[in-house]
Amino acid sequence: MESIIGILDTILYDVVQVCTIVLEMFGIAVLMFTALKAFYRWLRHSTENLRLDLGQGIALALEFKMGGEVLRTVVVREWSELGILGAIIVLRAVLTFLIHWEIKNEKSDAH
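First residue of the sequence shown: 180, per our numbering; consecutive thereafter.
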């Protein structure tokens, strides 16, 4: 019975690792796409709502990255890892909050 649990634990660990990497890659892709699009618009002097669009892209990228970190907590094996992950999640949550606050202010300034 213990060998089955060990096998299932290994499978769970591997699946979570792959899913975490996929979520983080999505976050990186969203961030790169948003940054390149914003840079292109800046070069063309089309800066209307540029900061707003860039902020929304960064916020979405952070959501994907945070999702990966939350998923990683499923397979944490030591308290020190949990503390590090908790700190990362808190930092990303604060960044996301600040970006959403900035987006809200940009929207109100645009109107």
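Where is the CB? At the ideal position from N, CA and C, for every residue including glycine.
query, result
"8 Å Cβ cutoff met for H279 and A238", "yes"
"H279: first and last residue of the uninterrupted alpha helix (DSSP H) it sits in", "W258 to A289"
"Close Cβ partners of I282 (< 8 Å) along its chain, the five nearest in sequence each way excluded", "L231, G234, Q235 and A238"
"Environment of R223 [buried if 16+ CB atoms lie within 10 Å]", "exposed"
"Unbroken alpha helix (DSSP H) run spanning E248, endpoints", "L229 to R251"
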